[in-house]
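As structure tokens, the structure follows; a few thoughts come after it.
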Amino acid sequence: MNYTYLLINIAVIFFPLVLSFDKKVHFYSKWRFVIPAIFITGMVFLVWDLLFVKLNVWSFNSNYIIGLSLWGLPLEEILFFLTVPYACIFIYECLNAYFPNNNLQRYSLALSNTLLGLCIAILFFGYSKWYTLINFGFLFAALFAVEYFNHKFRFMYKFYRAYLVSLIPFYIVNGFLTAIPVVIYNNNENLNFSIGTIPFEDHFYLMGLLLMNVYLYEFFKSKKVN
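With the working numbering, the residue at position 185 of the sequence shown is 185, and numbering never jumps.
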């Protein structure tokens, strides 16, 4: 069905958008921080996405998209960088509002260092594959910058909790996208290891996408406070 990817996008954002007016979270009042964070991150990842299409890292099944495109990318793929980040930042804020106590605070730096080591190891073995190289290279740079150059506001312990919760809808949404498939991967450009139908790299692609969005979101909030 040509509307498949579009309907998935609508499903991703529907409940977060409706629940943005929840009295405890007041997420709608934070849109002035959310929108620029999503826009800036979206521009970066759209360039990334377009590059991957040109390099044949992935492609899109014409049977499940409506056929409208911009910059060579399906409209639905562009919407993906609006709907998914919005939903993930919403999850981040809901968890912070309803569960302010977070035991991950004492472990977040150790977890980041472990992930930095994992990135180095994977880059050592998978540097010849475009998805692996750019994905883990970006994540390494982002994690290193946030942990070791960002001293004004600390949020990684909140980020990791939100990421873990975001994996639940991730497996549902990405499971559909990769099983149908809407997105077709060239396994010559990744580690060719999947969890179900979801490539291993996708888990860390989500992490990088969410990390940049949350960092910018917290950055814009901190500027407002100051």
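No residue lacks a Cβ here, since even glycine has one placed at the ideal position from N, Cα and C.
F60: first and last residue of the uninterrupted beta strand (DSSP E) it sits in: Position 60 of the sequence shown holds residue 60. Residues 58-60.
Those residues which DSSP pairs with Y157 across a bridge: On the sequence shown, position 157 is the one that residue 157 refers to. None; Y157 has no bridge partner.
Could you pull out every residue in the same chain whose Cβ sits closer than 7 Å to the Cβ of L139, ignoring the five residues on either side in sequence? Taking the first residue of the sequence shown as position 1, residue 139 is located at position 139. Within the same chain, Cβ atoms closer than 7 Å to the Cβ of L139 are found at C119, F204, M207, G208, the five residues on either side in sequence being excluded.
Can you list, in chain order, the residues of its chain whose CB lies under 7 Å from that of Y163, leaving out five sequence neighbours each side? Along the sequence shown, one-based indexing puts residue 163 at 163. Excluding positions up to five away in sequence, the list reads M207, L210.
Going by C-alpha distance, which of F200, I184, V165, M1 is nearest L95? For the purposes of this step, residue 95 is taken as residue 95 along the sequence shown, with counting starting at 1. Nearest of F200, I184, V165, M1 to L95, Cα basis: V165.
Limits of the unbroken beta strand (DSSP E) element including Y131: Sequence index remark: in the sequence shown, residue 131 carries index 131 (1-based). Premise fails: Y131 lies in the alpha helix (DSSP H), 130-149, not in any beta strand (DSSP E).
Taking DSSP as the reference, what is the three-state secondary structure of L73? Residue numbering aside, residue 73 sits at position 73 when the sequence shown is read from its first letter. Reduced to three states, the DSSP call for L73 is strand.
DSSP puts V47 in a beta bridge; with which residues? Here residue 47 corresponds to residue number 47 of the sequence shown, with the count starting at 1. Looking at the DSSP assignment, V47 forms no beta bridge with any residue, so it has no partner.
Report the CB separation of V182 from N2 in whole angstroms; it is logged as a contact under 8 Å. Here the question's residue 182 lines up with position 182 in the sequence shown. Here the question's residue 2 lines up with position 2 in the sequence shown. Their Cβ separation, rounded to whole angstroms, is 11 Å, which puts V182 and N2 out of contact at 8 Å.
Within a Cβ cutoff of 7 Å, which residues of the same chain sit near S108, ignoring the five residues on either side of it in sequence? Along the sequence shown, one-based indexing puts residue 108 at 108. Once the five neighbours on either side are set aside, the close Cβ partners of S108 are M156, Y157, Y160.
Taking 8 Å as the threshold (C-beta atoms), are K221 and F33 in contact? Position 33 of the sequence shown, counting from 1, holds the residue named residue 33. Position 221 of the sequence shown, counting from 1, holds the residue named residue 221. Result yes, Cβ atoms of F33 and K221 sit closer than 8 Å.
How is I65 classed by DSSP in three states: helix, strand or coil? To locate residue 65, count along the sequence shown from 1; it is residue 65. Coil.
Measure the alpha-carbon distance for L177 versus I65 and round it to whole angstroms. Residue numbering aside, residue 177 sits at position 177 when the sequence shown is read from its first letter. Residue numbering aside, residue 65 sits at position 65 when the sequence shown is read from its first letter. Rounded to the nearest whole angstrom, the C-alpha separation of L177 and I65 is 11 Å.
Taking three-plus beta-carbon pairs below 8 Å as touching, is the stretch 67-82 in contact with the stretch 95-104? Contact annotation: the stretch 67-82 does not touch the stretch 95-104, with fewer than three C-beta pairs closer than 8 Å.
Thinking just about the alpha-carbon of each residue, which of K54, T41, F124 is nearest to the one in I89? Translated into positions along the sequence shown, residue 89 becomes position 89. For the residues K54, T41, F124, the minimum Cα distance to I89 belongs to T41.
Determine, using beta carbons only, whether I13 and Y86 come nearer to each other than 8 Å. Indexing the sequence shown from 1 puts residue 13 at position 13. Indexing the sequence shown from 1 puts residue 86 at position 86. Between I13 and Y86, the CB-CB gap stays under 8 Å.
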